[in-house]
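Colleague:
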Amino acid sequence: MKTTNSTQQKSDYGQDMPGIIITSAILSIVMLALSYWQLKTYLDNDSTQNLFIGTALTVLGVFLLATSLAGIWSSRRGKLILRDKVMSLVRFKGTETVLDLGCGKGLLLIEAAKRLPAGKAVGADLWDKTLEYSYTAQMALNNAVAEGVADRVEVVTADAQSMPFANEMFDTVMTSLMMHHVPDTQKAVSEMVRVLKPGGTLLIADVNGKRFLSIFKEMGLKNVEMHRATRLFFVPAIIVKGEKP
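Position 180 of the sequence shown, counting from 1, maps to 179 under numbering that gives the first Met the number 0, and the rest follow consecutively.
1) Report the residue from 17, 152, 237 and 30 whose alpha carbon sits nearest the alpha carbon of residue 95.
2) Residue 169: buried (16+ other C-beta within 10 angstroms of its C-beta) or exposed?
3) Skipping 5 residues on each side, what residues in its chain have a beta carbon closer than 7 angstroms to that of residue 6?
4) Rounded to a whole number of angstroms, what is the C-alpha to C-alpha distance between residue 3 and residue 155?
5) Does residue 142 pass the burial test, meaning 16 or more other C-beta atoms within 10 Å, or should it be called exposed?
6) Considering only DSSP beta bridges, list what residue 226 is partnered with.
7) Can you check which of these residues, 57, 82 and 52, is closest to residue 230 by C-alpha distance?
8) Over the uninterrupted alpha helix (DSSP H) stretch that includes residue 23, give me the two end residues.
9) Could you check whether the region 24-40 touches the region 194-209, counting it as contact only if at least three pairs of C-beta atoms, one from each stretch, sit closer than 8 angstroms?
10) From residue 215 to residue 123, what distance separates their C-alpha atoms?
11) Using 8 angstroms as the Cβ pair cut-off and three pairs as the minimum, do the region 67-75 and the region 9-19 touch?
12) Would you call residue 209 buried or exposed, if buried means 16 or more other Cβ atoms sit within 10 Å of its Cβ?
13) Buried or exposed: residue 109, going by 16 or more other Cβ atoms within 10 Å of its Cβ?
14) What beta strand (DSSP E) runs, 3 residues minimum, are completely inside the region 71-103?
15) Going by the beta-carbon positions, is the gap between residue 174 and residue 204 smaller than 9 angstroms?
16) Take the Cβ of residue 192 as the centre, count every other Cβ of all protein chains shown within 10 Å, and call the residue buried at 16 or more, exposed below.
17) Report the rounded CA-to-CA distance for residue 90 versus residue 79, giving the unit in angstroms.
18) What number of angstroms, rounded off, separates the C-alpha of residue 226 from the C-alpha of residue 55?
19) Would you tell me roughly how many angstroms separate the C-alpha atoms of residue 241 and residue 211, rounded to the nearest one?
20) In whole angstroms, what is the alpha-carbon distance linking residue 12 and residue 140?
21) Please tell me whether residue 182 and residue 220 are closer than 9 angstroms, where the distance is taken between their beta carbons.
22) Use the C-beta contact count for residue 104: other C-beta atoms within 10 angstroms, 16 or more gives buried, fewer gives exposed.
23) Rounded to the nearest angstrom, what separates residue 180 and residue 25 at their Cα positions?
24) Sorry if obvious, but does the Cβ on residue 223 come closer than 8 angstroms to a heavy atom of the ligand SAH?
Have a look at this one:
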């Protein structure tokens, strides 16, 4: 899928898990309002039951509010920190061909394209609607136009477990916060290694990322490293990096 000539004033990488965030915020308001009523009743009547219920509702309301705020921070700031950490682990020459799997609205894809003045960045995704995301290929293309890299960005529909790319096609393969959606992790990593050029770099950023250390080594990658990035929705995000011999 090639880029279009449509224009967009500002890039937008989206709010992840909007349903969870909105629901948590609404429930938080409800819980805190009920807790106020219960605690006020306790002060008026000195009822232990009202005190217990009010305290429980307060704790639940604060937790739901924290969940909502954590979700907003994760999308607006946290995933940018993760993107920058991933980018810092790659030494770009500017002429490479890079693959971003599960590119969504193009957060990693477009940042990579900015570093490839004579190269190409390919973004692949299934564009399925999930609890966390609801993105389309056109959203990624629009962001590429807005960021001024549309001439070196391509977006395709592809499954990480069976990619339509030739062997040893990419200098770098990367993916961020996608692998926990993949049913067959082993097969997906095998596909990434297949399309990676000898000497190329594979980076996977995900929650519970430590599990990829052993998988990378099983796949024969060398110089395997683990890097801690940030916390997203309270969960540590880990980056695992390896090189194809």
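C-beta: ideal position from N, C-alpha, C; glycine also.
Modeller: Straight from the coordinates:
1) Locating residue 95 in the sequence shown gives position 96, where the first residue counts as 1. Checked all of 17, 152, 237 and 30; the closest Cα to residue 95 is 152.
2) As a position in the sequence shown, residue 169 is number 170, starting the count at 1. Its Cβ being crowded by 16 or more others within 10 Å, residue 169 is buried.
3) One-based indexing of the sequence shown puts residue 6 at position 7. Confidence at residue 6 is low in this model, with a pLDDT of 42, below 50, so the placement of that residue is unreliable and no value is reported for it.
4) Taking the sequence shown and counting its residues from 1, one reaches residue 3 at position 4. Taking the sequence shown and counting its residues from 1, one reaches residue 155 at position 156. In this prediction, residue 3 has a pLDDT of 42, which is less than 50 and means its spatial position is unreliable; nothing more can be read from the coordinates.
5) Along the sequence shown, one-based indexing puts residue 142 at 143. The residue in question, residue 142, is buried, as its Cβ has 16 or more Cβ neighbours within 10 Å.
6) Here residue 226 corresponds to residue number 227 of the sequence shown, with the count starting at 1. Answer is 238.
7) Working through the sequence shown from its first residue, we reach residue 230 at position 231. Selected option, being the one with the closest Cα: 82.
8) In the sequence shown, counting from the first residue as 1, residue 23 sits at position 24. Residues 17-44.
9) no
10) To locate residue 215, count along the sequence shown from 1; it is residue 216. To locate residue 123, count along the sequence shown from 1; it is residue 124. About 21 angstroms.
11) yes
12) Here residue 209 corresponds to residue number 210 of the sequence shown, with the count starting at 1. Residue 209 comes out exposed.
13) Residue mapping note: residue 109 aligns to position 110 of the sequence shown, counting from 1. Its Cβ being crowded by 16 or more others within 10 Å, residue 109 is buried.
14) 96-100
15) In the sequence shown, counting from the first residue as 1, residue 174 sits at position 175. In the sequence shown, counting from the first residue as 1, residue 204 sits at position 205. Yes; because the gap between Cβ atoms is below 9 angstroms, this pair is in contact.
16) Counting from one through the sequence shown, the residue named residue 192 turns up at place 193. Buried.
17) For this step, residue 90 is matched to residue 91 along the sequence shown. For this step, residue 79 is matched to residue 80 along the sequence shown. Residue 90 and residue 79: Cα-Cα distance of roughly 19 angstroms.
18) Taking the first residue of the sequence shown as 1, we reach residue 226 at position 227. Taking the first residue of the sequence shown as 1, we reach residue 55 at position 56. Approximately 38 angstroms, taken between the alpha carbons.
19) Position 242 of the sequence shown, counting from 1, holds the residue named residue 241. Position 212 of the sequence shown, counting from 1, holds the residue named residue 211. Roughly 10 angstroms separates the two Cα atoms.
20) If you number the sequence shown from 1, residue 12 lands on position 13. If you number the sequence shown from 1, residue 140 lands on position 141. Near 11 angstroms, if we compare the C-alpha coordinates of residue 140 and residue 12.
21) Reading the sequence shown from its first residue, position 183 is the one you call residue 182. Reading the sequence shown from its first residue, position 221 is the one you call residue 220. No, Cβ-Cβ distance for residue 182 and residue 220 is not below 9 angstroms.
22) Taking the sequence shown and counting its residues from 1, the one referred to as residue 104 is at position 105. Answer is buried; the Cβ neighbour count reaches 16.
23) Working through the sequence shown from its first residue, we reach residue 180 at position 181. Working through the sequence shown from its first residue, we reach residue 25 at position 26. When rounded, the distance between both Cα atoms is 27 angstroms.
24) The ligand SAH is not part of the structure shown, which contains no ligands of any sort.
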